[in-house]
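Below you'll find the structure, written out as structure tokens, and then a few comments.
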Amino acid sequence: MNSNDDRITEAFNGKLGVNMQRKTKKRVDWIIDNTKGNKILDVGCSQGIISMILGKKGKNVIGIDISEKAINFAKSLILNEEKKITNVEFFTNDFIREFETSDKFDTIIITEVLEHYNNSSPFLSKAYKFLKPKGQILITVPFGINEHPGHLRTLYFAEIYKEMYPLFQQVETFIVEDWIAFKGVRRKEIINKTDDIQVPIKLFEEVETAFVRKERTMLNQIKQNN
Numbered sequence: 001m002n003s004n005d006d007r008i009t010e011a012f013n014g015k016l017g018v019n020m021q022r023k024t025k026k027r028v029d030w031i032i033d034n035t036k037g038n039k040i041l042d043v044g045c046s047q048g049i050i051s052m053i054l055g056k057k058g059k060n061v062i063g064i065d066i067s068e069k070a071i072n073f074a075k076s077l078i079l080n081e082e083k084k085i086t087n088v089e090f091f092t093n094d095f096i097r098e099f100e101t102s103d104k105f106d107t108i109i110i111t112e113v114l115e116h117y118n119n120s121s122p123f124l125s126k127a128y129k130f131l132k133p134k135g136q137i138l139i140t141v142p143f144g145i146n147e148h149p150g151h152l153r154t155l156y157f158a159e160i161y162k163e164m165y166p167l168f169q170q171v172e173t174f175i176v177e178d179w180i181a182f183k184g185v186r187r188k189e190i191i192n193k194t195d196d197i198q199v200p201i202k203l204f205e206e207v208e209t210a211f212v213r214k215e216r217t218m219l220n221q222i223k224q225n226n
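Quick note: the sequence shown uses the UniProt record's numbering, first residue 1, plus one each step.
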């Protein structure tokens, strides 16, 4: 949602280099492939590219972002389409402070947002409120250290998992290059006790594999610079 300087469209279209395009497309593809149902809320939609792709696939999408600049860009994407798109809407909106609706959603997407806040709980609680029973949440955040000035915390696996656990049953964790993604299904009842969270060993293995990959990349970069 803090997307005043977000350049996802340029990254997706290859204007920030082939490597960044590959990484961005892989993340976007994961989101698109894992979005279920027809009624979608894209929180922190930035320049709207994910909402637009979902709209072209027939989904009914509402995209919101606190950046008016980003939303204006997203609206321009609709206007520039040859075929009129009526199933995607964009609004400048603060999800925590302003968003209200009587609608319930099949999937809520929160991408590149939670790292801008010290605590995810307000976002996750509100997403829970607006999801249908067994509705789904998709989250992506940067994996590990990222020196973006707007990021208030460094996220790996445990912190987001622990924040999601009371409200959502984790279905899948996916690590793609520089991001970690979470897919959760809305619990029927909120769990208040989190002292005895049990994490599938498969998730630990995926995170460890990602650490090895990042360390190998860093070592290769150090060798190249020496």
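Ideal Cβ placement from N, Cα and C applies to all residues, glycine included.
To the nearest angstrom, report how far apart E205 and I160 are at their CA atoms. 17 Å
Helix, strand or coil for N60? Go by DSSP, reduced to three states. strand
With a CB to CB cut of under 6 Å and the five nearest residues on each side skipped, what residues in its chain are close to M1? Residue placement at M1 is flagged as unreliable, the pLDDT there being 44, under the threshold of 50; the coordinate-derived value follows with that caveat. The residues are G44, D65, I66 and V113.
Beta-carbon separation of Y156 and V207 under 8 Å? yes
Tell whether a beta-carbon distance below 8 Å holds between I110 and I139. yes
For the beta strand (DSSP E) that V185 lies in, which residues bound it at each end? W179 to R186
What are the start and end residues of the beta strand (DSSP E) that includes L41? K39 to V43
For the stretch 81-90 and the stretch 128-136, state whether three or more C-beta atom pairs, one from each stretch, are separated by less than 8 Å. Segments in contact, no.
Apart from the five residues on each side of it in sequence, which residues of its chain come closer than 8 Å, Cβ to Cβ, to K162? T194 and I197
Skipping 5 residues on each side, what residues in its chain have a beta carbon closer than 7 Å to that of G37? For G37, where only same-chain residues beyond five positions count, the Cβ hits under 7 Å are D106 and T107.
Using three-state DSSP, classify M1 as helix, strand or coil. Residue confidence is low: M1 scores 44 on pLDDT, short of 50, so the model does not pin down where it sits. Its coordinate-derived value is still stated next. DSSP places M1 outside both helix and strand once states are collapsed to three, so it counts as coil.
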